[in-house]
């Protein structure tokens, strides 16, 4: 059930509707967020009150400062406080990305999937953190993937949804014939958006 519009203050009504529909508009779909704790100190506080499964993607004992800045996985509901805040306050601020899956995908399985590419190896053999949970990074990387890379990054995820253009648009990425295809929808009156228009590099089916 879509929450009351008047509860959401920062993003205009039409933009909120469009974002919510992109996330929760399909039946038999589970919606998750991979959040960048470093993007805002509010994220960890929101997760502490979240009533659905959530966890840090880093494992083992860690100092509070590291946990505060770590990536976190959380399942979302259409009417939850976390969902409302991510759309109303976090959109346009690179708080994270959204992953849409089938109903059969488990939280544990998705956590394992997202942990597989937290670290990547450079051509010189050195390892580094891959900040894919930053939409500015992931939105640039994902469309460049070949079939093998896309299989690894998508795994059980049907589609990824994230902000683009500094929050002026929604980017939805899914695989078509094994390759990532992007649909970009400019938000009506959204952050930096003046009109409602849809620009697609491919139609998502």
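In the numbering used here, the protein residues as written are 151 to 355.
The C-beta atom is built at its ideal place from N, Cα and C for all residues, glycine as well.
query: In DSSP terms, what residue 246 is bridged to; result: 185
query: Distance, residue 293 Cα to residue 245 Cα; result: 20 Å
query: Option in 316, 297, 264 with minimal Cα separation from residue 306; result: 264
query: Residue from 322, 225, 170 whose Cα sits closest to the Cα of residue 289; result: 322
query: Reference residue 278; option with closest CA among 316, 270, 284; result: 270
query: Residue 318 versus residue 242: straight-line alpha-carbon distance, rounded; result: 7 Å
query: Limits of the beta strand (DSSP E) - the one that residue 222 falls within; result: 221-226
query: Where the alpha helix (DSSP H) containing residue 234 begins and where it ends; result: 231-235
query: Extent of the continuous alpha helix (DSSP H) run through residue 166; result: 163-174
query: At least three beta-carbon pairs within less than 8 Å, the stretch 247-259 to the stretch 298-312; result: yes
query: Boundaries (first-last residue) of the alpha helix (DSSP H) holding residue 297; result: 297-304
query: Residues that DSSP places opposite residue 311 in a beta bridge; result: 248, 322
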